[in-house]
Structures are given as structure tokens and as C-alpha cells.
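The next block holds one structure in the form of C-alpha cells; read it before the comments.
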Amino acid sequence: MLSTRGYAAMTAKAALQPFVFERRDLGPHDVLIAITHCGICHTDIHQARDEWGGSIFPMVPGHEIVGTITQIGSAVRQFSIGETAGVGCFVDSCRTCSACREGLEQYCEAGMLLTYSGRDKDGKPTQGGYSTQIVVDENYVLRIPSALSPAGTAPLLCAGITTYSPLRHWGVGKYHKLAVVGLGGLGHMAVKIANALGTEVTVLSTSERKRKDADRLGAFDFAITSQPETFTRLQRRFDFILDTVSAPHDYNAYVNLLRTDGTMILVGAPDKPTPLAPFPLILHRRSIAGSVIGGIRETQEMLDFCATHKIESDIELIPIQQVNEAYERVLRGDVRFRFVIDLESMK
Ligand code: NAP
Ligand code: ZN
Ligand code: ZN
3 MLSTRGYAAM
13 TAKAALQPFV
23 FERRDLGPHD
33 VLIAITHCGI
43 CHTDIHQARD
53 EWGGSIFPMV
63 PGHEIVGTIT
73 QIGSAVRQFS
83 IGETAGVGCF
93 VDSCRTCSAC
103 REGLEQYCEA
113 GMLLTYSGRD
123 KDGKPTQGGY
133 STQIVVDENY
143 VLRIPSALSP
153 AGTAPLLCAG
163 ITTYSPLRHW
173 GVGKYHKLAV
183 VGLGGLGHMA
193 VKIANALGTE
203 VTVLSTSERK
213 RKDADRLGAF
223 DFAITSQPET
233 FTRLQRRFDF
243 ILDTVSAPHD
253 YNAYVNLLRT
263 DGTMILVGAP
273 DKPTPLAPFP
283 LILHRRSIAG
293 SVIGGIRETQ
303 EMLDFCATHK
313 IESDIELIPI
323 QQVNEAYERV
333 LRGDVRFRFV
343 IDLESMK
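3 is the number of the first residue of the sequence shown in our numbering; add one for each residue after it.
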């Protein structure tokens, strides 16, 4: 077993604290990654506070992982020692269901094995990237293009793929108008990726402070959602809305911003349901849909796309000792736009 140091929530809502645990020894198909960087996703906070239910404790969060391969199993063919590699939100799946065979492991019928707060085949809980090292089957590891910096790339492993995948699935492109709701970690990646796809992007935000950021990120328009005139001015404007908001909010107001046949895609995952009025959907044949991260093949495609288009996340690099403070700042919307933990600070 490989003794590993990390930071864990010992119980729901407890502050994260130093924690030593064991990773499995390498199997023939495993690689060992010395983690250099790990992003802080809002999901880490939902999970560490057990807001969705089913969290497993002690929990080492973190699923935006980048590091260097330091050991490989005897049958590993796709990676070699010294390469920069990434791990996202899941580390295994059944590999045999139709979703897995199509490369849609995130929709595995047996359920994907989450990078943390999951139960591995041996029954042990999985532990995430706020730690020094991780052992992962090579089939669930991503190649990091050399044009990308490790720190700015870590958030692509969740925030990047979570926004890229629905934009590609729904064919969002040059002739479309897209609204991105919430300019946080996911939202700012959505603006960058949609821009690269040639889409006209409008940011809908609760904070006036982010107007300048939206402009800098390349948004065409910006509007504040607390102002009622936003919802009259932009009525029936958008082909697509990508909702990245982490807290419960009223979807109905946004539905009216869709054109006939428009689609509102939910990726933000608030912990409480929201009532939905049928008529705004019925009368304009609108849809509300959802999407979760992306498969391994598509995640690699997204990383290569980001390398081609010189897209990285805007980050604030922090030592792991500041993780609890960072959580509070994410909850206040005070981050531009992703905290990334520098695992050098664990040494
Ligand atoms: P984040 O950085 O905290 O961004 C969320 C943004 O939502 C905030 O920046 C804020 O934007 C807006 N917001 C927050 N509270 C709000 C409220 N009460 N009303 C309206 N707007 C509010 O979080 P993130 O890491 O991007 O994650 C966002 C959500 O997506 C989380 O629920 C997370 O669990 C979920 N998620 C889903 C997937 C998936 O596969 N579907 C993957 C990753 C994350 P403004 O300041 O611009 O208003
Ligand atoms: Zn995430
Ligand atoms: Zn499967």
C-alpha cells in the first residue's frame, strides 16, 4: 500500500484537515501520478458538506487533477514515466454497458466510479486530488498537451469538460446565440469555449462586478439577473442557455429568454428542486435538459481543442493550507475563476 498525505473532511460540514491514508499498490494497468495541481470545484463543497446526500467520510475531495507519472504497471501501454497526466471526475466504470462501449462512461449503467466519495471494487472509498499522489487505471487517465500549463489545465478536467460536452452535444456553433448563467468556474470556461466555437455569448450574472470580466473573456453582452428589465430586453433571444448556477433559483424566468425550439441546459446542481411552469415550455416548444461532465474520449478531445485555441482556466493558485478559506470565498462568489491547489505546499 502507498501511504499518501492529503486534506480531508472527516465528517459533513467539518473543516478540511491533514489526513494520511493508503492508495492501492499498482496493478498491471495502473499508473501512479504525483499530483502537482488540483482545482477546487463547487461540487467538492456540495460533497464535503453532504448537500446532495450519500457522501462518504473521511473524504479527500478533488477531481481536477494534474500531475506527473512516476510509476507504471507492467501492462501499461498508453503512458510512460515522466509524462504530465490528468484525472477528472471518475476513475472507472463497468466498461461493458452500451454507454461505456460508446465512450460515454459518465452515463455508465452501473454508475461511474467517482474519483472521490465512490466505492472501489474492493469496497474501499475512493479519495481525490487534494493529496500527494493517486493510482488510476490508464484507461481513465488523460494526456495533457504540452502547450498547456499544468495549473491552468487542472480545472479543464471538470469545469472544461462539463461545459464543452453539452456545447458539442447540442451542436452550439457560429449561428447561435448562447446565454451562460453564472460566471463562476464552469461559467467562465463556457464563455471561453463557446467563443472559440464562434458562438455569440451573453453572460447573465448576479454580480455587476463581473461585467468587466465577461467583457475581457470575450462575451458579446452582459446582464444582471436581479434587474427585471433584463428579462424583458432579452425575451426570446437565445437558442441555448447553459445554466451553471450552484444554488436554487427560478428556472422559469430564464425559459422565457429562449426562442421557439430553444434549449436550456442545466449543469449547475443545486441541492433543492425548483417548480417548473409548463406553459412557457409548451407554447414555444422549448426544452429543459441536463448534462454531466463528459467521457474519457471527449475529455481528451476537449483538452486538445483547448491546446489548439490556447484556452486555460483563469486561476488563483493557493497552498493547501488555505483550502477552507478558499471554500468560503467560492461560496461568496469571490474567485476569478478557479482556485487551484499547488501540491508543492504538501511537501
Ligand atoms: P462556482 O464557481 O461557485 O460558480 C457558480 C456561479 O453561480 C457563481 O459564480 C455565481 O455567478 C452563480 N451563483 C451562485 N449562487 C447563486 C445564487 N444564489 N443565485 C444565482 N446565481 C448564483 O461553481 P462551479 O464550480 O462553476 O459549479 C457550479 C455548479 O455546477 C455547482 O452546483 C456544481 O456542483 C455543478 N457542477 C456540475 C457538473 C456537471 O457535470 N453537471 C460538473 C461540475 C460542477 P454570478 O456571480 O455570475 O451570479
Ligand atoms: Zn467538478
Ligand atoms: Zn458501463
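Every residue, glycine too, gets a C-beta built ideally from N, C-alpha and C.
- Following the DSSP letters along the chain, one finds M266 inside the beta strand (DSSP E) bounded by residues L260 to L268.
- The C-alpha of F233 is placed about 47 Å away from the C-alpha of Q135.
- At a cut-off of 7 Å, the beta-carbon of T155 does not count as near ligand 1: no heavy atom of the ligand is closer than that.
- Counting the other Cβ atoms within 10 Å of the Cβ of I35 gives 16 or more, which makes it buried.
- Per DSSP, K179 is one residue of the beta strand (DSSP E) stretching across K179 to V183.
- Exposure of Q237 is indicated by the presence of fewer than 16 other C-beta atoms within 10 angstroms of its C-beta.
- The Cβ atoms of K214 and L185 do not sit closer than 8 Å to each other.
- Ranked by Cα distance from R25, the first of K126, A101 and G69 is K126.
- Contact holds between the region 216-236 and the region 250-265, because three or more Cβ pairs, one in each stretch, are under 8 Å apart.
- In the structure shown, D273 falls within a coil segment according to DSSP collapsed to helix, strand and coil.
- Cβ neighbours of H39 within its own chain (closer than 6 Å, five residues either side excluded): V68, P152, A153, A156 and V342.
- Per the DSSP secondary-structure output, R145 pairs in a beta bridge with A87.
- If you check the CB distance, W172 and I243 do not come in under 8 Å.
- Between I47 and V332, the C-beta spacing is below 8 Å.
- Inclusion of Y118 and M61 in the CB contact set at 8 Å is warranted, their separation being smaller than that value.
- Taking C-beta atoms under 8 Å as the contact rule, I298 and E107 qualify, at a distance of about 6 Å.
- Distance from the CA of E111 to the CA of V174, rounded to the nearest whole angstrom, comes to 27 Å.
- Distance from the C-beta of C91 to the nearest heavy atom of ligand 3 is not below 7 Å.
- With fewer than 16 other Cβ atoms inside 10 Å of its own Cβ, A17 counts as exposed.
- Contact annotation: H65 and L159 have beta-carbon atoms nearer than 8 Å.
- Look at the region 51-127 and you find these whole runs of beta strand (DSSP E), each 3 residues long or longer: 67-74, 86-89 and 92-94.
- Distance from A87 to I71 at the Cβ level is roughly 5 Å; contact confirmed, criterion being Cβ atoms closer than 8 Å.
- Screening all residues for a C-beta within a distance smaller than 5 Å of any heavy atom in ligand 2 leaves C43, T45 and C160, in chain order.
- Residues of the same chain with their beta carbon placed closer than 7 Å to that of G55 are lacking, with the five preceding and five following residues left out of the count.
- Using a cutoff of 7 Å, the CB of S57 does not count as near ligand 3, since none of the ligand's heavy atoms is closer than that.
- Residues D32, V33, I35, V89 and V93 of the same chain have their beta carbon placed closer than 8 Å to that of V138, with the five preceding and five following residues left out of the count.
- For the pair of segments examined, the region 254-265 was found to touch the region 282-294: the number of CB pairs separated by less than 8 Å reaches three.
- For ligand 3, residues qualifying as neighbours are S95, C96, R97, T98, C99, A101, C102, E107, C110, E111 and A112, where qualification means a beta carbon closer than 7 Å to at least one of its heavy atoms (chain order).
- Collapsing the DSSP output to three states places Q49 in a helix.
- With contacts defined by Cβ atoms closer than 8 Å, D306 and P147 form a contacting pair.
- Between the alpha carbons of V257 and P282 lies a distance of about 7 Å.
- DSSP lists H39 and P321 as the bridge partner or partners of D344.
- By the neighbour-count criterion, in which 16 or more other beta carbons inside 10 Å mark a residue as buried, D124 falls on the exposed side.
- Per DSSP, reduced to three states, the secondary structure at Q302 is helical.
- In the three-state scheme derived from DSSP, where H, G and I count as helix and E and B as strand, E210 is classed as helix.
- Going by beta carbons, A291 and L150 fall outside the 8 Å limit.
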